[in-house]
Amino acid sequence: MDCELLHQIATARGKTIAQVCLRWVYEQGASVVMKSFNQKRMEQNLRIFDWSLSPEELQKISRIPQIRGCVMLGFISDKGPYKSLEEPWDSENQHHVTFTDNIARQLCSSCRY
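In this note's numbering, the protein residues as written are -1 to 111.
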């Protein structure tokens, strides 16, 4: 978790980086699949609904290059709703991201702020 921008926002708000990332995804209206068996982390993940990010924070986080964490090959078929790997993604905003592991790690892996 070496993304300075997310670290600054989390510290200023008294939240974890994961909470900031989850809140950002929630405010985008996207779905999130979290994988954790750690009781403390699961509780933290649920504590994102009683606060919100400022418009400036949302904009800054939106500039972080995104990584699509969902393997879509299982959904691609000539007979299915998606014919190519590009079709499931919102080409305009690219916010339909499903994180199957640690959301903060995936966001931070390409963060250079």
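We put the CB at the ideal spot given by N, CA and C, even for glycine.
Remember, predicted model here, so these are calculated numbers, not experimental data.
- Task: Any chance you could list the beta strand (DSSP E) runs of at least 3 consecutive residues sitting entirely within the segment 9 to 59, in chain order?
- Result: none
- Residues near V114 by beta carbon distance below 6 Å, same chain, minus five either side: For residue 114 there is no data in the structure shown, the boundaries of the chain being -1 and 111.
- Task: Would you list the one or two residues that DSSP bridges to I7?
- Result: I7 is not bridged to any residue.
- Query: I think Y24 touches I46, with their Cβ atoms under 8 Å apart; what is that distance to the nearest whole Å?
  - Reply: 6 Å
- Would you list the residues sitting across from I74 in a DSSP beta bridge? Y80
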